[in-house]
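Visitor: Please see the structure below; I have some questions.
Chains as they are written, first to last, in the working numbering: chain H, 23 to 338; chain Y, 316 to 630.
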């Protein structure tokens, strides 16, 4: 009796795994009939943020054009560095030809980059820089960094805020996860731009961990403490969109200048609708596309520059 | 009297092991990268953290309790360890402080459950938030990174070709198994989970045991934080989010009953390995990240179904 149940469960697991295996096979971008080319792996921070979905789309287009297989795997949560590390370790075991990583932690992911180095798998970093000191200390190697200058993006957002407010106002900031290079750089750039405007005071700067729901609640709390806030800079669009809802709930729509970052479709629409003042466009699809192209160029023995900038623009 | 019960527990364990073996078999047929020494060591290393937390939860769940705070306790203990190491404390002393912090958190849980008469779900839910807040407070929300090679050896070292964390895991399991099977405390844990009233009436120091059980759970979460911090070369105050759910899943897949009184440490190890192998295999196969979550959830449900069906047929 008992072992029939065990067998049933085993059969169920078999079915699931086998089914999934097949599915992934069919969804890969390799041209059917031809011998499969090199397998390139993309490990974004997560796949539930439109930014990384755009990156995935760009990478898939490039892989399809080149006739190579692209594997995309990500942790459920953007903050789960350990899970991202496991995924990369597993991809190393799978002996992919190249790894494209958007690090969930600038320092935490360094040990696994070293593992890839040891396995002879080239690593390309996108979007978030690795910690330079940690890389130097452990003698880690990457092919290139492909991303936008987040500091510059923050500065553009800051200049826009100063302009829009006419040099007078009370400004709040929603930060990303503390200690996270991307968010820190954006906020640093934004603050730098405010320095030129003595009439503007920064009344609050709080982390909302990149998330929409936290953007809502944290900005709601900031509004409680500082009802006269005139502008908000959120280090990504999800937090900005959450804050937009909090502003609407407080009946202050139009009274707070909201500036986001990433220029996701929804944020662009909010800018058009006048709910947000501006957002910074980063072009993640171009990052994904460039990463795959550069990975292939590196595999062919071509030289790839150590840093490839992806242009930033203000969407207002 | 003894043989039937012996047979029953071992049959359940055999079931878990059979699932594990079948899973490995399927994966080795589907991908040539699964059954290699380096990948198996890789999976073992990836299982360590969940497995070490889960062994503490096995004790808690065996006593018919639950501990939702382990993920947050791991984060708090981890940042204490990291700060101590950066302040120049010797490695053993820093690890001692870390485990002490974990055990202290567990003790608070135990006191709330045993003497405050709070349901374990509520007590540990409260501490989950307190410990997380504490971790964020002491670090100002920032990760603490960069340690000496002597500490990192805990993650990078190898003894007899087996990575150090795997040895640590095996050591923890051997001790936990021995304590559960061969000591009075171990028998009390199972007795409390089986029937608390009866245990109390027959002279089991129920309250003291409960404090001990939760302290052990917290201490083991802290031990896991040592290995995690060494692995990432960084302690993050936001580490361990929802690790409690992974550990509960490993425990339950391993055949420990959420009602308490039934289960084994060995089963939990196999449960953690099943989860590790599943995640590893799905990565190797290149299965979509979305589908992976569905598969893992389905396996948890299947394992618990198996358990309840078995209990139904026994009755």
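Ideal Cβ placement from N, Cα and C applies to all residues, glycine included.
#1: Once you ignore the five residues that flank residue 46(H) on each side, which residues in its own chain have a CB closer than 6 Å to its CB?
#2: Among 591(Y), 619(Y), 551(Y) and 606(Y), which one has its Cα closest to the Cα of residue 361(Y)?
#3: Mark residue 512(Y) as exposed unless 16 or more other C-beta atoms lie within 10 angstroms of its C-beta, in which case mark it buried.
#4: Which chain H residues are close to residue 599(Y), counting only those with a beta carbon under 9 Å from its beta carbon?
#5: Check the Cβ of residue 129(H) against every Cβ in chain Y and list those closer than 9 Å, keeping chain order.
#6: Just by C-beta distance, which residues in the segment 603-620 of chain Y are closer than 9 Å to chain H?
#7: Check for me: the beta strand (DSSP E) holding residue 195(H) runs from which residue to which?
#8: Identify the contact partners of residue 109(H) in chain Y, using a Cβ-Cβ distance below 9 Å as the criterion.
#9: Helix, strand or coil for residue 301(H) per DSSP?
#10: Out of curiosity, what's the CA-to-CA distance linking residue 535(Y) and residue 314(H)?
#11: So, does the CB of residue 149(H) fall closer than 9 Å to a CB anywhere in chain Y?
#12: Determine, for residue 132(H), whether the minimum Cβ-Cβ distance to residues of chain Y falls below 9 Å.
#13: Taking only runs that begin and end inside the segment 405-445 of chain Y, name each unbroken alpha helix (DSSP H) of 4 or more residues, in chain order.
#14: Locate the beta strand (DSSP E) running through residue 122(H), then write down its first and last residues.
#15: Applying the criterion that 16 or more other CB atoms from any shown protein chain within 10 Å of the CB defines a buried residue, is residue 605(Y) buried or exposed?
#16: Taking only runs that begin and end inside the segment 232-258 of chain H, name each unbroken alpha helix (DSSP H) of 4 or more residues, in chain order.
#17: Distance, Cα to Cα, residue 481(Y) vs residue 581(Y)?
#18: Considering only their Cβ atoms, is the gap separating residue 230(H) from residue 221(H) smaller than 9 Å?
#19: Would you list the residues sitting across from residue 226(H) in a DSSP beta bridge?
#20: Looking only at its chain, what residues have a beta carbon closer than 8 Å to the beta carbon of residue 210(H), apart from the 5 residues adjacent to it on each side?
#21: Is the segment 90-97 of chain H touching the segment 543-553 of chain Y in the sense that three or more CB pairs, one from each, lie closer than 8 Å?
#22: From the DSSP output, which residues share a beta bridge with residue 347(Y)?
#23: What's the C-alpha gap between residue 53(H) and residue 83(H)?
#24: Of the residues that make up the segment 82-96 of chain H, which ones have a beta carbon closer than 9 Å to any beta carbon in chain Y?
#25: By Cβ distance, which residues of its chain are closer than 8 Å to residue 141(H), with the 5 residues on each side in sequence left out?
#26: Any C-beta of chain H sitting closer than 9 Å to the C-beta of residue 577(Y)?
#27: For the ligand MG, is there a heavy atom less than 8 Å away from the beta-carbon of residue 517(Y)?
#28: What are the residues of the segment 181-203 of chain H that lie near chain Y, defined by any Cβ-Cβ distance shorter than 8 Å?
#29: Tell whether a beta-carbon distance below 9 Å holds between residue 391(Y) and residue 417(Y).
#30: Measuring only between beta-carbons, confirm whether residue 49(H) sits less than 9 Å from chain Y.
#31: Kindly list, in the order they appear in chain Y, the residues whose Cβ is closer than 7 Å to that of residue 229(H).
#32: Tell me where the beta strand (DSSP E) around residue 169(H) begins and ends.
#33: How would you label residue 377(Y), buried or exposed, when you count the other beta carbons within 10 angstroms and need 16 or more for buried?
#34: For the segment 446-455 of chain Y against the segment 566-573 of chain Y, do three or more pairs of beta-carbon atoms, one drawn from each stretch, fall closer than 8 Å, so that the two count as touching?
#35: Under a three-way DSSP split, which group does residue 603(Y) fall into?
#36: Exposed or buried, residue 334(Y), counting other C-beta atoms within 10 Å across all chains shown (16 or more means buried)?
Guide: On the basis of the coordinates in this document:
#1: What you label residue 46(H) is simply residue 24 of the first chain in a count that begins at 1. Reliability fails at residue 46(H), whose pLDDT of 39 lies under 50, so the model's placement of it is uncertain and no value is given.
#2: Translated into the one-based positions of the second chain, residue 361(Y) becomes position 46. The shortest C-alpha separation from residue 361(Y) is found at 591(Y).
#3: If you number the second chain from 1, residue 512(Y) lands on position 197. It is exposed - the Cβ of residue 512(Y) has fewer than 16 other Cβ atoms within 10 Å.
#4: Numbered from 1 along the second chain, position 284 holds the residue referred to as residue 599(Y). Within chain H, the residues near residue 599(Y) are 112, 113, 115 and 116.
#5: Reading the first chain from its first residue, position 107 is the one you call residue 129(H). Within 9 Å Cβ-Cβ: 458, 460, 461, 547, 548 and 549.
#6: Listed by position along the chain: 603, 604, 605, 606, 607, 608, 609, 610, 613, 614, 617, 618 and 620.
#7: Position 173 of the first chain, counted from the start, is the residue given in the question as residue 195(H). From DSSP, the beta strand (DSSP E) with residue 195(H) extends over 191-197.
#8: The residue labelled residue 109(H) in the question sits at position 87 within the first chain. Near residue 109(H) (Cβ distances below 9 Å), the residues of chain Y are 594, 598 and 604.
#9: Along the first chain, read from residue 1 onward, the residue named residue 301(H) stands at position 279. DSSP places residue 301(H) in the strand class (E or B) of the three-state scheme.
#10: Locating residue 535(Y) in the second chain gives position 220, where the first residue counts as 1. Locating residue 314(H) in the first chain gives position 292, where the first residue counts as 1. Spanning the alpha carbons of residue 535(Y) and residue 314(H) requires a straight line of approximately 42 Å.
#11: The residue given as residue 149(H) occupies position 127 in the first chain. So no, residue 149(H) is outside the interface.
#12: Locating residue 132(H) in the first chain gives position 110, where the first residue counts as 1. With its beta carbon less than 9 Å from one in chain Y, residue 132(H) belongs to the interface.
#13: The qualifying runs are 406-429.
#14: Here residue 122(H) is taken as the residue at index 100 of the first chain, counted from 1. Residue range 120-123 is occupied by the beta strand (DSSP E) that includes residue 122(H).
#15: Position 290 of the second chain, counted from the first residue, corresponds to residue 605(Y). By the 10 Å Cβ count, residue 605(Y) comes out exposed.
#16: Qualifying alpha helix (DSSP H) stretches, in chain order: 234-247.
#17: Locating residue 481(Y) in the second chain gives position 166, counting from the first residue. Locating residue 581(Y) in the second chain gives position 266, counting from the first residue. Residue 481(Y) and residue 581(Y): Cα-Cα distance of roughly 15 Å.
#18: Translated into positions along the first chain, residue 221(H) becomes position 199. Translated into positions along the first chain, residue 230(H) becomes position 208. Cβ atoms of residue 221(H) and residue 230(H): not closer than 9 Å.
#19: For this step, residue 226(H) is matched to residue 204 along the first chain. For residue 226(H), which the question treats as bridged, DSSP gives the partners 194(H).
#20: By one-based count along the first chain, residue 210(H) stands at place 188. Excluding positions up to five away in sequence, the list reads 173 and 176.
#21: No contact exists between the segment 543-553 of chain Y and the segment 90-97 of chain H.
#22: On the second chain, position 32 is the one that residue 347(Y) refers to. Per DSSP, residue 347(Y) has no beta-bridge partner at all.
#23: In the first chain, counting from the first residue as 1, residue 53(H) sits at position 31. In the first chain, counting from the first residue as 1, residue 83(H) sits at position 61. Confidence in residue 53(H) is poor, its pLDDT being 40 and thus under 50, which makes the residue's placement unreliable; the coordinate value appears in the next sentence. So the alpha carbons of these two residues sit roughly 13 Å apart.
#24: If the cut-off is 9 Å between Cβ atoms, the segment 82-96 of chain H has 91, 93, 94, 95 and 96 near chain Y.
#25: Along the first chain, read from residue 1 onward, the residue named residue 141(H) stands at position 119. Result list for residue 141(H): 114 and 117, in chain order.
#26: Sequence index remark: in the second chain, residue 577(Y) carries index 262 (1-based). The beta carbon of residue 577(Y) does not come within 9 Å of any beta carbon belonging to chain H, so the residue lies off that interface.
#27: As presented, the structure is devoid of all ligands, the ligand MG included, so that no description of it is given.
#28: Along the segment 181-203 of chain H, going in chain order, the ones with a CB nearer than 8 Å to a CB of chain Y are 199, 200 and 201.
#29: Locating residue 391(Y) in the second chain gives position 76, where the first residue counts as 1. Locating residue 417(Y) in the second chain gives position 102, where the first residue counts as 1. Against a cut-off of 9 Å, the Cβ pair of residue 417(Y) and residue 391(Y) comes out as a contact.
#30: To locate residue 49(H), count along the first chain from 1; it is residue 27. Residue placement at residue 49(H) is flagged as unreliable, the pLDDT there being 39, under the threshold of 50; a coordinate-derived value is accordingly withheld.
#31: Stepping through the first chain from its first residue, residue 229(H) is reached at position 207. The CB of residue 229(H) comes closer than 7 Å to the CB of 456 in chain Y, given here in chain order.
#32: Here residue 169(H) refers to the residue found at position 147 of the first chain. Bounds of the beta strand (DSSP E) holding residue 169(H) are 166-169.
#33: Taking the second chain and counting its residues from 1, the one referred to as residue 377(Y) is at position 62. Burial call: buried.
#34: No: fewer than three Cβ pairs fall under 8 Å.
#35: In the second chain, counting from the first residue as 1, residue 603(Y) sits at position 288. DSSP places residue 603(Y) in the coil class of the three-state scheme, outside both helix and strand.
#36: In the second chain, the residue the question calls residue 334(Y) occupies position 19. With 16 or more other Cβ atoms within 10 Å, it is buried.
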